[in-house]
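To start, the structure itself, in structure tokens.
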Amino acid sequence: MDEEITKKIRKIRMLISDVDGVLTDGRIIIDDAGQESKHFDVKDGHGLKMIMRYGIDVILLTGRSSCVVDHRARDLGIREVFQGVLNKKEFFQQLLRERGLNAEEIAYIGDDFVDVPLLKRSGFSVAVHDAVEEARKAADYITDKPGGRGAVREVCELILKVQGKWEEVVRRYELV
34 MDEEITKKIR KIRMLISDVD GVLTDGRIII DDAGQESKHF DVKDGHGLKM IMRYGIDVIL
94 LTGRSSCVVD HRARDLGIRE VFQGVLNKKE FFQQLLRERG LNAEEIAYIG DDFVDVPLLK
154 RSGFSVAVHD AVEEARKAAD YITDKPGGRG AVREVCELIL KVQGKWEEVV RRYELV
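In the working numbering, the protein residues as written are 34 to 209.
Structure, rendered in structure tokens:
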């Protein structure tokens, strides 16, 4: 891995993730009764739980609003979920001011045009493998896995490894 990317990852204290197309494969299923469902990958969820356990805050940020996202976040223990955010750039600037954080302490994962402003401003920016070209060009890192199919887990593991926490994670599960 590039030394510049490694330096960026070492500074990360917070991970902000888009939802549709990142934590899901981007499909939205609506049944005849109008009930919405989405597919989430259990490995992505476990990756988020691991990274939170080892000191990285997690925020879910999406332009859409969906009860399904609230349920998934609650299941994972993610307390900060911001839905219906149409101006992610403005949200990001306000978050930095309110939390006293620097942009370089934030990792952001996205997949579409609306994510490009945060991909350009975050300390470590990630586009999922199947992101639009503009998001891929704006990102520091492109995952090997597509959105909703392990991309978030890949990023969580990468951060934990670069920050020297991976061996502790592995020991916790008695894999060594």
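We put the CB at the ideal spot given by N, CA and C, even for glycine.
Nearest-angstrom Cα separation, counted from residue j out to residue i
i	j	result
VAL101	SER70	7 Å
LYS153	TYR141	9 Å
THR39	ASP53	27 Å
GLY143	ASP74	16 Å
VAL147	VAL202	33 Å
ASP210	ASP64	The chain is shown from 34 up to 209; residue 210 falls before or after that span and cannot be answered.
ASP77	ARG186	4 Å
LYS198	VAL165	31 Å
ASP58	ILE84	21 Å
ILE92	ALA66	30 Å
Segment limits, beta strand (DSSP E) that includes residue i
i	result
GLY143	139-143
ALA160	157-160
VAL114	113-115
LEU151	LEU151 -> not in any beta strand (DSSP E); alpha helix (DSSP H) instead, spanning 149-154.
LEU134	First-last for LEU134: undefined, no H or E at that position.
Of the residues the options, the one placed nearest residue i, counting alpha carbons only
i	options	result
LEU119	ARG169, SER98 and ALA66	SER98
GLY133	VAL195, ASP163, VAL185 and ARG46	ARG46
LYS121	PHE157, PRO150 and LYS41	PRO150
ARG60	HIS79, GLY180 and LEU94	GLY180
HIS162	ILE175, GLU131 and ALA171	ILE175
GLY96	GLY80, GLY88, ALA136 and VAL55	VAL55
GLY88	ARG182, ALA172, LEU48 and VAL188	LEU48
Exposed unless 16 or more other CB atoms sit within 10 angstroms - verdict on residue i
i	result
SER43	Correcting the residue identity first, residue 43 is Arg in this sequence and not Ser. The residue in question, ARG43, is exposed, as its Cβ has fewer than 16 Cβ neighbours within 10 Å.
MET34	exposed
GLU200	exposed
ILE139	buried
ILE111	buried
Opening and closing residue of the alpha helix (DSSP H) in which residue i lies
i	result
ILE42	36-43
ILE212	Because residue 212 is not part of the residues shown, which for the chain are 34 to 209, the question remains open.
Interface flag, residue i vs chain B, CB-CB below 8 Å
i	result
ILE89	Here there is only one protein chain, and chain B is not present.
| task | Inspect the CB distances between the stretch 104-114 and the stretch 125-141 and report whether three or more fall short of 8 Å. | result | Taking 8 Å as the limit for Cβ pairs, the verdict is that the stretch 125-141 does not touch the stretch 104-114.
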